[in-house]
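Colleague:
There are 4 protein chains.
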Amino acid sequence: MADKTAPDSSRRSERSRRAIFDAALALVGEVGYDKLTIEGIASRAGVGKQTIYRWWPSKAAVLLDAFTAGVDDYSAQGLPDTGDLATDLKSVLRATVDEFNDPAFQAPYRALAAAGANDEELSRTFVARLMEPGTQVYADRLRAAQEAGEVADGVDVRIATEMLLSPFSQRWLMRTGDLTHEYVDTLVDQVLGGLRPRD
Amino acid sequence: MADKTAPDSSRRSERSRRAIFDAALALVGEVGYDKLTIEGIASRAGVGKQTIYRWWPSKAAVLLDAFTAGVDDYSAQGLPDTGDLATDLKSVLRATVDEFNDPAFQAPYRALAAAGANDEELSRTFVARLMEPGTQVYADRLRAAQEAGEVADGVDVRIATEMLLSPFSQRWLMRTGDLTHEYVDTLVDQVLGGLRPRD
Amino acid sequence: MADKTAPDSSRRSERSRRAIFDAALALVGEVGYDKLTIEGIASRAGVGKQTIYRWWPSKAAVLLDAFTAGVDDYSAQGLPDTGDLATDLKSVLRATVDEFNDPAFQAPYRALAAAGANDEELSRTFVARLMEPGTQVYADRLRAAQEAGEVADGVDVRIATEMLLSPFSQRWLMRTGDLTHEYVDTLVDQVLGGLRPRD
Amino acid sequence: MADKTAPDSSRRSERSRRAIFDAALALVGEVGYDKLTIEGIASRAGVGKQTIYRWWPSKAAVLLDAFTAGVDDYSAQGLPDTGDLATDLKSVLRATVDEFNDPAFQAPYRALAAAGANDEELSRTFVARLMEPGTQVYADRLRAAQEAGEVADGVDVRIATEMLLSPFSQRWLMRTGDLTHEYVDTLVDQVLGGLRPRD
DNA sequence: TCTTAACCGAGACGGTACGTCTGGTCTTGAC
DNA sequence: GTCAAGACCAGACGTACCGTCTCGGTTAAGA
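Protein chains in written order, with full-length UniProt numbering: chain A, 1 to 199; chain B, 1 to 199; chain C, 1 to 199; chain D, 1 to 199.
1) Residues of the UniProt domain "HTH tetR-type" (14-74) of chain C with a CB closer than 7 Å to any CB of chain D: list them in chain order, please.
2) Report buried or exposed for Q50/B, applying the criterion of at least 16 other Cβ atoms within 10 angstroms of its Cβ.
3) Can you pull the chain C residues whose beta carbon is under 8 Å from the beta carbon of N118/D, in chain order?
4) So which residues on chain B does E182/A lean against when the C-beta distance must stay under 9 Å?
5) What in chain C is Cβ-close to G134/D, meaning under 7 Å?
6) May I ask you to verify whether the segment 28-47 of chain D touches the segment 126-135 of chain C, counting CB pairs closer than 8 Å and requiring at least 3?
7) Assign G194/A to one of three DSSP states: helix, strand, or coil.
8) On the criterion of 16 or more Cβ atoms from any shown chain inside 10 Å, does Q170/B qualify as buried, or is it exposed?
9) List the endpoints of the continuous alpha helix (DSSP H) containing S166/D.
10) In the segment 168-181 of chain A, which residues sit with their C-beta less than 9 Å from some C-beta in chain B, listed in chain order?
11) Alpha carbon to alpha carbon, how far is V184/D from L93/D? Give it in angstroms, no decimals.
12) Among residues of its own chain, excluding the 5 on either side of P80/B, which ones have a beta-carbon nearer than 6 Å to its beta-carbon?
13) Compare the C-beta of L187/D against all C-beta atoms of chain C and say whether one is closer than 8 Å.
14) Kindly confirm or deny that the segment 150-157 of chain A and the segment 115-122 of chain A touch, where touching means at least three C-beta pairs closer than 8 Å.
15) Assign Q146/B to buried or exposed, taking buried as 16 or more other Cβ atoms, counted over all protein chains shown, within 10 Å of its Cβ.
16) Hey, A114/D and V28/D: beta-carbon distance below 8 Å or not?
17) Could you have a look at Y33/D and say whether DSSP puts it in helix, strand or coil?
18) Using a Cβ-Cβ distance cut-off of 8 Å, determine whether E162/B contacts chain A.
19) Taking only beta-carbon atoms, is V97/D less than 8 Å away from chain C?
20) Please specify which runs of the alpha helix (DSSP H), each continuous and at least 4 residues long, are wholly inside the segment 113-140 of chain B, giving them in chain order.
21) Are the segment 8-20 of chain B and the segment 185-193 of chain A touching by the rule of at least three beta carbon pairs closer than 8 Å?
22) Under three-state DSSP, which class holds E147/A?
23) Could you pull out every residue in the same chain whose Cβ sits closer than 6 Å to the Cβ of T37/B, ignoring the five residues on either side in sequence?
24) So the alpha helix (DSSP H) A70/B belongs to, where does it begin and stop?
25) Output yes if chain B places a C-beta closer than 8 Å to the C-beta of Q146/A; else output no.
26) Label R11/C either buried or exposed according to how many other C-beta atoms from any shown protein chain fall within 10 Å of its C-beta, with 16 as the threshold for buried.
27) Helix, strand or coil, according to DSSP, for A6/B in the structure here?
28) How big is the Cα-Cα spacing for A139/D and M163/D?
29) For a quick check, are the C-beta atoms of V157/A and L142/A less than 8 Å apart?
30) Residue range of the alpha helix (DSSP H) that L93/B falls in?
31) Would you mind sorting A104/B into buried or exposed? The rule is 16 or more other CB atoms within 10 Å of its CB.
32) Could you confirm whether any beta carbon from chain D is found closer than 8 Å to the beta carbon of D3/C?
33) Can you have a look at Y109/C and say buried or exposed, based on whether 16 or more other CB atoms are within 10 angstroms of its CB?
34) Which of the three DSSP states, helix, strand or coil, is assigned to W55/A?
35) Grab me the residues of Q106/C's own chain with a C-beta within less than 8 Å of its C-beta, minus the 5 sequence neighbours each way, in chain order.
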């Protein structure tokens with residue numbers, strides 16, 4: 001039923017695929033997303049343009065795959081559970097602060113977040129592949145804490161997770177404030193302060 | 001000694017300015033931000049391209065002005081203060097939910113948020129002109145509540161505001177969940193629950 | 001020490017060869033020479049591109065072979081010699097007029113003549129395989145007439161042949177006039193009028 | 001009724017037009033017609049591709065204009081008429097031999113003749129602009145000779161002109177023989193020999 | 001009231017990148 | 001080893017816009 005016969009992925013060149021990822025990530029860091037071009041990627045990767053168009057529908061899709069390929073061992077093992085929720089959250093969020101302050105990480109991630117805002121299809125993939133897994137481990141840890149009695153029964157874990165992560169994401173994406181270790185410490189304390197069961 | 005002599009704004013055509021705003025907002029809704037072009041705006045507005053380039057540096061800037069012109073009476077009068085913080089917040093956030101679910105509002109706002117993610121300069125303007133004023137009224141109301149003893153002394157009001165608004169913004173921008181009245185009600189309750197002074 | 005090992009023509013697929021000829025002739029008639037592509041021929045013939053590249057150096061060469069294969073019994077038996085030179089020439093040229101007015105013949109022949117103009121190598125083959133044999137029979141007939149005393153001794157037969165055939169070819173190739181039976185009759189009479197011995 | 005609004009030729013850049021002609025003629029000589037590209041012409045001329053596409057429909061049209069611009073003072077003054085037809089024809093044809101043997105002339109002329117063979121529209125323009133004027137002066141000279149009694153009354157001047165010029169053109173285009181002064185001398189003598197009135 | 005200088009609509013210009021098409025090479029698996 | 005199939009690198013196609021520029025016209029100061 002497809003109008004364009006799909007390419008045969010078993011014959012795909014792995015060498016080209018990697019070269020395209022490397023080129024895309026390097027270029028988005030050098031020139032920014034708006035000036036990132038398919039031609040530029042192809043040229044840098046030593047690849048024909050058609051090889052990109054054959055496998056991806058847009059530069060955003062290329063970048064998403066490239067970025068995903070570089071981080072997809074992301075958060076396989078879950079959050080630590082030392083028994084002290086605040087400490088666990090702070091230690092992971094501090095590491096995340098450092099990651100988000102790394103220029104090599106920022107350019108593609110910002111670009112994808114931005115592209116997603118205008119492209120619902122891309123947005124869904126971006127969220128499902130990059131954001132949801134990261135979010136889920138926090139939600140799991142909070143639920144564990146709730147079962148352990150560290151968090152009040154009535155708390156909506158999904159919303160609690162948002163209270164913890166969205167301020168962080170928003171600050172970073174919109175540049176409404178600096179991301180520091182102190183900031184996440186305060187954030188964690190203030191959020192958890194409200195979640196603890198009242199005596 | 002400027003190399004480009006600045007245009008004389010006193011001779012500016014108000015008719016053209018409005019036509020450009022109307023065209024920009026209409027087009028961004030019809031074709032989306034990526035396919036919005038200066039030529040398209042000029043053509044739709046019945047205006048020469050140079051008239052746009054004379055007054056704005058980029059399509060994002062045009063859109064920002066166009067959008068701002070449509071909403072800049074935004075939040076001049078502050079939040080209501082009935083004495084009941086939760087009710088006040090819920091009533092305003094419910095109205096905001098409706099606004100953010102309006103398609104005519106979404107396209108330009110998303111476009112600007114996205115453009116800002118990749119353009120720091122634009123981002124600062126966007127935040128200062130559109131986000132900061134809206135955020136500030138919440139911060140003011142929370143501070144008033146803190147002074148009234150409704151909110152614990154140790155609470156960082158800036159972060160409390162983020163805990164309230166960022167989950168909302170994030171959900172909408174990333175489409176990670178629906179924006180409903182029930183959602184904001186729960187969010188307000190859960191955030192405020194943690195801010196109240198402990199006995 | 002050839003760098004490209006020559007293909008083994010004994011293992012060549014006759015089926016593919018014919019399918020390629022048929023496809024090439026059909027396509028040149030349908031879409032014209034400029035839009036005739038190797039890929040198109042391969043696809044229409046149900047043949048891999050490499051099978052064409054293995055055996056021919058260019059689309060012109062394919063077309064030349066295809067066309068030659070269809071006409072190479074061309075003029076094996078020479079011109080008729082009824083003793084009346086003018087009648088003999090007219091009868092053959094009238095048949096040639098009909099042939100050159102046949103659309104199925106025109107497209108490939110024009111294409112080859114044109115390709116030859118820009119490609120000396122191809123031109124030599126085209127002339128040797130398609131034009132020279134046809135020209136030669138006229139030259140032979142004129143020489144026979146000269147020996148029979150119907151044509152003056154001083155006449156250069158090669159040039160006389162050109163005077164007869166080139167106006168015809170030129171009219172057709174450049175579309176400078178219609179090719180009709182009347183035209184070739186007049187042409188033959190006027191050319192022969194000048195070749196007859198003067199009393 | 002035009003679907004694309006025509007460009008405003010009064011605003012056309014003469015500088016660009018000339019640069020395009022120069023580039024086209026230079027490149028067709030250097031790389032040949034088949035490897036002549038619009039991009040190549042634009043690049044060599046220091047011109048945007050659109051400036052070519054705005055004014056010409058194809059590379060053949062560009063080349064035709066470029067070539068015409070270089071020769072359009074072609075044959076304004078007619079053939080000489082010294083009273084001796086053969087001498088007049090020989091002197092002009094000898095000059096034409098030299099011109100057609102000039103490499104700078106050959107490439108574009110061959111290219112246009114070839115392109116015309118496959119493109120009827122172009123062919124008409126080519127003939128009307130480049131061939132017909134040249135042909136006409138021969139026809140005029142022959143008619144004058146006919147009126148002066150040098151050529152028999154029954155002769156069809158149009159065909160006589162073809163007998164004179166087509167062998168020349170054909171030899172050159174198809175490379176079926178060398179173009180020399182001796183050749184045209186013999187050709188003129190043999191053609192005229194047949195046109196003279198019989199006693 | 002009459003310049004006159006700036007803005008205006010229009011659109012040609014030199015460019016860049018788009019997404020597509022084809023050229024010619026190379027690889028794979030079937031025969 | 002040839003074949004059909006088609007992925008690959010390369011690069012031209014013709015189009016769409018970019019941001020700059022030039023052209024008349026109009027329009028609002030200022031002489």
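Each residue gets a CB set at the ideal place from its N, CA and C atoms; glycine is no exception.
Modeller: Here's the rundown:
1) G32, Y33, D34
2) So Q50/B counts as exposed.
3) G32, Y33, D34, R110, A111, A114
4) Correct list: empty, because the minimum Cβ distance to chain B is about 11 Å.
5) Chain C residues near G134/D: none, gap ~12 Å exceeds 7 Å.
6) no
7) helix
8) buried
9) 157-174
10) F168, S169, Q170, R171, L173, M174, R175, T176, G177
11) Looking at the two C-alpha atoms, the distance is approximately 7 Å.
12) Around P80/B: D88.
13) yes
14) no
15) Counting the other CB atoms within 10 Å of its CB gives Q146/B a total of 16 or more, which places it among the buried residues.
16) Between A114/D and V28/D, the C-beta spacing is not below 8 Å.
17) coil
18) Cβ-Cβ to chain A under 8 Å: yes for E162/B.
19) no
20) 120-126
21) no
22) helix
23) Excluding sequence neighbours, T37/B sits near nothing in its chain.
24) Sequence check: residue 70/B is Gly here, not Ala. Start and end: 59-71.
25) no
26) exposed
27) coil
28) 11 Å
29) yes
30) Run containing L93/B: 85-100, per the alpha helix (DSSP H) assignment.
31) Under this definition A104/B is an exposed residue.
32) Bear in mind that a pLDDT of 41 at D3/C, under 50, signals an unreliable position, so the model cannot answer this.
33) Y109/C should be labelled buried.
34) helix
35) Once the five neighbours on either side are set aside, the close Cβ partners of Q106/C are F100.
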